[in-house]
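Under the UniProt record's numbering, think of the first position of the sequence shown as 1, with each following residue one higher.
Data block below; observations after.
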Amino acid sequence: MTALITRDDLAAAVEAGAVTVVDALGGAYYAKQHLPGAVPLAPADVDAQASALLPDKNAAIITYCSNPACPNSGQVADRLTALGYTDVRKYREGIEDWTAAGLPVESS
1 MTALITRDDL AAAVEAGAVT VVDALGGAYY AKQHLPGAVP LAPADVDAQA
51 SALLPDKNAA IITYCSNPAC PNSGQVADRL TALGYTDVRK YREGIEDWTA
101 AGLPVESS
């Protein structure tokens with residue numbers, strides 16, 4: 001099971017530039033809104049795109065999706081771990097929690 005990160009710890013890590021944030025929703029959801037600096041990587045795309053988007057397998061990586069009911073962040077985290085990434089955590093509460101707390105988002 002993937003380790004979890006809290007909203008406060010994630011916000012501090014994003015502010016410090018200490019993590020790579022992965023939006024596991026991708027597509028239109030990513031375009032509409034995503035955490036600052038997040039890269040889109042949906043479960044179906046991990047095998048094909050992970051090495052290009054996430055070249056450092058030892059970097060701190062945080063995955064998220066919409067809310068605790070969404071399975072995408074766990075699926076992406078599990079697959080990244082299987083591919084040899086060593087520091088993968090999941091923000092289980094997702095972007096709904098992030099925006100409810102009034103934290104900034106980006107759109108593309």
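Glycine is no exception: its CB is placed at the ideal position from the N, C-alpha and C atoms.
All figures in this text were calculated on a predicted structure; none of them were measured in a lab.
- Every unbroken stretch of the beta strand (DSSP E) spanning 3 or more residues and falling wholly within the UniProt domain "Rhodanese" (15-107) is given here in chain order: 20-23, 60-64 and 87-91.
- Nearest Cα to A100 within the set T2, A3, R7 and M1: R7.
- Contact between the stretch 82-91 and the stretch 37-45 is not established, with fewer than three Cβ pairs separated by less than 8 Å.
- A50 is positioned such that its CB atom lies no closer than 8 Å to that of L25.
- If you draw a straight line from the Cα of A77 to the Cα of I62, it comes to about 8 Å.
- Looking at the DSSP output, L4 shares a beta bridge with K90.
- Distance between K32 and E93, taken at the CA atoms: about 18 Å.
- Between V46 and L80, the C-beta spacing is below 8 Å.
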